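To start, the structure itself, in structure tokens.
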Amino acid sequence: MFADWPLLSLTVWVPILGGIAVLLSGDKGDAAGVRRLALVIAVVTFILSLGLYTGFNSSTAEMQFVERHEWISAFNIYYHFGVDGISMPLIILTTFTMILTIIAGWEVIKKKPAQYMAAFLIMEGLMIGVFAALDSILFYVFWEGMLVPMFILIGVWGGERRVYATIKFFIYTFIGSVFMLVALIYMYYQGGSFAILDMHAMKLSMDEQLLIFIAFLMAFAVKVPMWPVHTWLPDAHVEAPTGGSVILAAIMLKIGGYGFLRFSLPITPDASHALDWLIITMSLVAVVYIGFVALVQKDMKKLVAYSSIAHMGFVTLGLFVVFQIWENPANTDGSGAILAVEGAMVQMISHGFISGAMFLMIGVLYDRMHTRNIQDYGGVVHTMPIFAAFAVFFSMANAGLPGTSGFVGEFMVIIASFHANFWYAFLAATTLILGAAYTLWMVKRVFYGEVANDNVRALKDLNQREFVIMSILAIAVLVMGLWPAPVVEVMHATIENLLQHIAVSKI
């Protein structure tokens, strides 16, 4: 059906142009019409993105749905799109999540709904552009562009300290990005091309690789975010509206992990190998230390924000433990390395579902009681039994319960880590204890026990809109947990090819 369509361009530009249309239609004062138009655009974008999956050939590592047109010929810059088994699942995760985010803000956003919906749609197109771009300057334009709608969302619809949170968010991410731009320009002058795949083929000295790797690290580590450049994330989450928190956790954090896969590993493999100990250490600190930090949080959003940092530690651990797996004489067939990277990818997608669900869950409570403090709740199960059932389920998934998607990626990375070092696996596995500790501690205080006060006693259970959102996410978490094969299969050839490229690209 979509074979002859410029699918990637449509998937990028339909939400951007649609967001502009929503923004312009807001002047008419028809809030209901604006919401319906935004939802239609999000659904159309999702359907277009499904064409990437149905038409995808999972047996090859080649880029597919490629579009290439001259853009800035003086500098050899092209409008160049394409997807492989790494980027395509993340695009579908983006379009899927955006539908739920639009629905979640349906009744809640009273202030400037057209601008709110437009910001999300424009941001959706820009994020898809990041995953689809095969020209590094095009990638950088989308990378920087997506900061603007999020900056506006937090700054306009955020909490009391929204100005502080937005400035901190922008400064952290922008400064890291500048170093990445310098690295891209340097490689252009060395190789004469901004094409990402041409950069993969460049032969760089060890000194060049180390400097370029550090430049990329400063951009991608902030975005993940990795310890110790993670402090902007809890502030951004606490002040962001619910939809902003969902997109920030479910999609934006994954762009950092994607950057490591698309740039750092294939362009600077030897530097990645030389500094793997640094990334592994930062990842394990995130898993263990940040888990303890989450345990003492009083604000539900902060707790889940720190939980996200800990869970994303598995992504970076899985990506960089491969070098030490290869050094282990017992790992002769290379399967451990593939398992590690596939586990990191599964963890990114799973975390998108679960973190989105957790922030939506907190948003449901905040819409009713206008507080996120755990101490203000207690006994919610007595007044919101259906909601409590969903909340406990998502909390179990967040803690890594087998049968849910939260278990699959973490288990794959832990098993792969055994191929490198027992202590890596041991420290990573502590997240199953710490995750259960901080998540169940929150569940106990918020949902169980006696009804804490009259505000809790007056709570009403999920409405139809909220029930639909929670049900869709619960199905996604269960399906991914019980049957991850469709996701793993589409990425296997790409990841295998990437690892082969890294293995042979030695100085």
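What the sequence shown shows, in this note's numbering, is residues 419 to 925, in sequence order.
The beta carbon of each residue, even a glycine, is placed where N, CA and C say it ideally should be.
In this text the structure is predicted, and so the values were computed from the model without any measurement.
- Straight-line spacing of the CA atoms in residue 453 and residue 686 works out to 45 Å.
- Sequence-distant Cβ neighbours of residue 576 in its own chain, meaning closer than 6 Å and more than five residues away, are 657, 658.
- With a threshold of 16 other beta carbon atoms within 10 Å, residue 884 meets it and is buried.
- Annotation for residue 859: the continuous alpha helix (DSSP H) segment containing it runs 840-865.
- Each of 857, 840, 795 was checked against the Cα of residue 815, and the nearest Cα belongs to 857.
- The beta carbon of residue 806 sits closer than 8 Å to those of 798, 799, 865, all from its chain and outside the five residues before and after it, given in chain order.
- Counting along the chain, residue 626 sits inside the alpha helix (DSSP H) bounded by residues 624-641.
- Apart from sequence neighbours up to five positions away, the residues of its chain that approach residue 708 with a beta-carbon distance below 6 Å are 724, 727, 728, ordered along the chain.
- Within 10 angstroms of the beta-carbon of residue 644 lie 16 or more other beta-carbons, which makes it buried.
- Per the coordinates, the alpha-carbon of residue 792 lies some 45 Å from the alpha-carbon of residue 628.
- Close CB contacts of residue 887 within its chain, under the 7 Å cut and outside five residues either way in sequence, are with 518, 521, 522, 778 (chain order).
- Taking one beta carbon from each stretch, the stretch 557-576 and the stretch 540-549 have 3 or more pairs nearer than 8 Å; the two touch.
- Listed in chain order, the alpha helix (DSSP H) runs fully inside the stretch 753-810 are 753-787, 798-801, counting runs of at least 4 residues.
- Taking the Cα of residue 867 as reference, the smallest distance to any Cα among 693, 490, 551, 795 is reached at 795.
- Counting every other CB atom within 10 Å of its CB across the protein chains shown gives residue 472 a total below 16, marking it as exposed.
- Between the alpha carbons of residue 581 and residue 784 lies a gap of roughly 21 Å.
- In the DSSP assignment, residue 500 falls outside any alpha helix (DSSP H) and within the unbroken beta strand (DSSP E) covering 495-501.
- Counted as a single uninterrupted DSSP element, the alpha helix (DSSP H) harbouring residue 560 occupies residues 554-563.
- A Cβ-Cβ contact shorter than 8 Å links residue 512 with residue 542.
- Between residue 426 and residue 912, the alpha-carbon positions lie close to 19 Å from each other.
- Here DSSP, grouped into helix, strand and coil, assigns residue 613 to strand.
- Less than 8 Å divides the Cβ of residue 720 from the Cβ of residue 652.
- Only residues of its own chain outside the window of five on either side were considered, and among them 852, 855, 856, 859 have a CB closer than 8 Å to the CB of residue 713, listed in chain order.
- Less than 8 Å divides the Cβ of residue 654 from the Cβ of residue 587.
- Considering only 594, 463, 468, 455, the residue with the shortest C-alpha distance to residue 430 is 463.
- Each residue's CA atom was taken as its position, placing residue 621 and residue 681 some 14 Å apart.
- By the C-beta criterion, the stretch 626-642 is judged to be in contact with the stretch 666-673, since at least 3 inter-stretch pairs fall below 8 Å.
- Each residue's CA atom was taken as its position, placing residue 648 and residue 506 some 27 Å apart.
- For residue 715, the three-state secondary structure derived from DSSP is coil.
- Remark: three or more beta-carbon pairs, one from each stretch, lie closer than 8 Å, so the stretch 754-761 and the stretch 828-844 are flagged as touching.
- In the structure shown, residue 579 adopts coil according to DSSP, grouped into three states.
- For residue 483, there is no enclosing alpha helix (DSSP H); the enclosing beta strand (DSSP E) has its first and last residue at 482-490.
- Judged by DSSP secondary structure, residue 540 falls within the alpha helix (DSSP H) whose first and last residues are 531-550.
- Nearest in C-alpha terms to residue 460, of all of 636, 536, 688, is 536.
- Residue state for residue 746 is assigned as coil, using DSSP reduced to three classes.
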